[in-house]
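>
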Amino acid sequence: MTELKGGNFLIVDNDNIYLTSDEGLYYSNNSGTSWSLRLDSTNALELSTMPKVNSGWGFEVDYYNGTARIHKYEDTAYVPVELTSFLGSVKENKILLNWKTATELNNKAFEIQRSQMAVVNDQTEWVGVGFVPGFGTTTEPKSYSFIDDNLFPGKYRYRLKQIDFDGSFEYSNTIEIEVPVPIKFTLIQNYPNPFNPITKITFEIPFQTEVRITLYDITGQEIKTLTNQKYEAGFHSVVINADDLSSGVYLYRMTTLSGYTAVKKLTIIK
Numbered sequence: 015m016t017e018l019k020g021g022n023f024l025i026v027d028n029d030n031i032y033l034t035s036d037e038g039l040y041y042s043n044n045s046g047t048s049w050s051l052r053l054d055s056t057n058a059l060e061l062s063t064m065p066k067v068n069s070g071w072g073f074e075v076d077y078y079n080g081t082a083r084i085h086k087y088e089d090t091a092y093v094p095v096e097l098t099s100f101l102g103s104v105k106e107n108k109i110l111l112n113w114k115t116a117t118e119l120n121n122k123a124f125e126i127q128r129s130q131m132a133v134v135n136d137q138t139e140w141v142g143v144g145f146v147p148g149f150g151t152t153t154e155p156k157s158y159s160f161i162d163d164n165l166f167p168g169k170y171r172y173r174l175k176q177i178d179f180d181g182s183f184e185y186s187n188t189i190e191i192e193v194p195v196p197i198k199f200t201l202i203q204n205y206p207n208p209f210n211p212i213t214k215i216t217f218e219i220p221f222q223t224e225v226r227i228t229l230y231d232i233t234g235q236e237i238k239t240l241t242n243q244k245y246e247a248g249f250h251s252v253v254i255n256a257d258d259l260s261s262g263v264y265l266y267r268m269t270t271l272s273g274y275t276a277v278k279k280l281t282i283i284k
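Okay, so the sequence shown: first residue is 15 according to the numbering used here, each after it adds one.
Dropping the structure here:
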């Protein structure tokens, strides 16, 4: 068995790493992917003031047939990010995810992964839907959030893929959240309102049907049809661009084949 000759592992930031050995001082500027032997004035005494990383992962040096070999080691039982909670809630067709950490070490980011209860070859099919930067290294509790928008009714599973700066990662526990089917027809007030020049009209329908939304001026004169098509059950939205309209108060009317009708006002300010 080859005797390890070194292993004093010191890190300046997440990329720059120094490793002392019997032969001298090795340096990496890419998180340990490649190394060079430094022969400048930097020495172990100067390095003593740099922050040390001595748990979770590190590097060691040995020599084989006169050649230095640098090995990376990882403590698979070590969890660099302590996740204390991971929760989700539903609002209309949005799922709001919230999670908290107690401490973090070299935490680059969280990738939010989702599965709509689909199974491929007896395995859940996960898809990345978002990316939230981490706080690097901290001993203070941190809070995170992410909104998954424009979802159809159904059950969804979520998990977090916590990624370190060196590329290693861990998965969180899985949570399951359901976006319910609306129980009635509803035309929701546009937002923002007043607006210039973009606003969004949202509506919900309990089953598949054709929906028509028409824009009128304040006298009842029809201006344009905003949508006239078949929609699945759920929450939907239509975006209005008022570049071609003048300032003032307008009406928008929603009708369906089932007989639902609703009218609301919107205001354009230029």
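Note that the Cβ used here is the ideal one computed from N, Cα and C, for glycine as well.
As the structure is a computational prediction, the values presented were derived from the model and not from experiment.
Taking 8 angstroms as the threshold, find out whether the stretch 229-244 comes into contact with the stretch 184-198 through three or more Cβ pairs.
No, the stretch 229-244 is not in contact with the stretch 184-198.
> Provide the residue(s) that pair with S50 in DSSP beta bridges, ordered along the chain.
Per DSSP, Y41.
> So is S260 buried or exposed if we call it buried at 16+ other beta carbons inside 10 Å?
Its Cβ having fewer than 16 others within 10 Å, S260 is exposed.
> Do you know how far the Cα of I109 is from the Cα of I84?
Spanning the two alpha carbons is a distance of roughly 46 angstroms.
> Find the nearest neighbour of L101 within the set V95, N107 and W113, judged by alpha-carbon distance.
Nearest C-alpha to L101: W113.
> By a C-beta neighbour count over all protein chains shown, 10 Å radius and 16 as the cutoff for buried, is F221 buried or exposed?
Per the 10 Å Cβ criterion, exposed.
> So which of N204, I191, S157 and Y205 has the shortest CA-CA distance to S129?
Closest option to S129, Cα to Cα, is I191.
> Among the residues of its own chain, which have a CB less than 6 angstroms from the CB of L174, if the five just before and after it don't count?
Once the five neighbours on either side are set aside, the close Cβ partners of L174 are F124 and S186.
> Which word fits K284, buried or exposed, when buried means at least 16 other C-beta atoms lie within 10 angstroms of its C-beta?
Per the 10 Å Cβ criterion, exposed.
> Tell me whether D76, by its Cβ, gets closer than 7 angstroms to a heavy atom of the ligand COA.
In the structure on display, the ligand COA does not appear, and there are no ligands present to speak of.
> With P147 as the anchor, note down where its beta strand (DSSP E) starts and where it stops.
Start and end: V141 to T152.
> Can you give me the C-alpha to C-alpha distance between S157 and N120, rounded to a whole angstrom?
Going from the Cα of S157 to the Cα of N120 covers about 16 angstroms.
> Roughly how many angstroms separate the alpha carbons of G275 and I177, rounded to a whole number?
The amino acid occupying residue 275 in the given sequence is Thr; Gly does not appear at that position. Cα to Cα, T275 sits roughly 50 angstroms from I177.
> How far does the beta strand (DSSP E) with D162 in it reach, from first residue to last?
K156 to D162 is the extent of the beta strand (DSSP E) around D162.
> How is V95 classed by DSSP in three states: helix, strand or coil?
V95 falls in the coil class under three-state DSSP.
> Taking the alpha carbon of N107 as the point to measure from, which residue in A247, T281, T269 and S272 has its own alpha carbon closest?
Taking only the C-alpha atoms, the option nearest N107 is A247.
> For K122, which residues in the same chain have their Cβ closer than 7 angstroms to its Cβ, ignoring the five residues on either side in sequence?
The answer, listed in chain order, is G148, I177, D178 and F179.
> Assuming V146 and L165 make a contact with CB atoms under 8 angstroms, what is their CB distance in whole Å?
Going by Cβ atoms, the distance from V146 to L165 rounds to 18 angstroms, so no, they are not a contact pair.
> Where are the beta strand (DSSP E) runs, 3 residues long or more, that stay fully inside the stretch 184-265, in chain order?
As far as the stretch 184-265 is concerned, its whole beta strand (DSSP E) runs of at least 3 residues are 189-193, 200-205, 212-219, 223-231, 236-245 and 248-255.
> From P196, D258 and K214, pick the residue whose C-alpha is nearest to that of N204; which is it?
Nearest C-alpha to N204: K214.
> Just the C-alpha distance for P208 and N44, rounded to the nearest angstrom, thanks.
Cα-Cα distance, rounded: 51 angstroms.
> Given this structure, state the Cα-to-Cα distance separating I282 from F249, to the nearest angstrom.
Approximately 24 angstroms between the Cα atoms of the pair.
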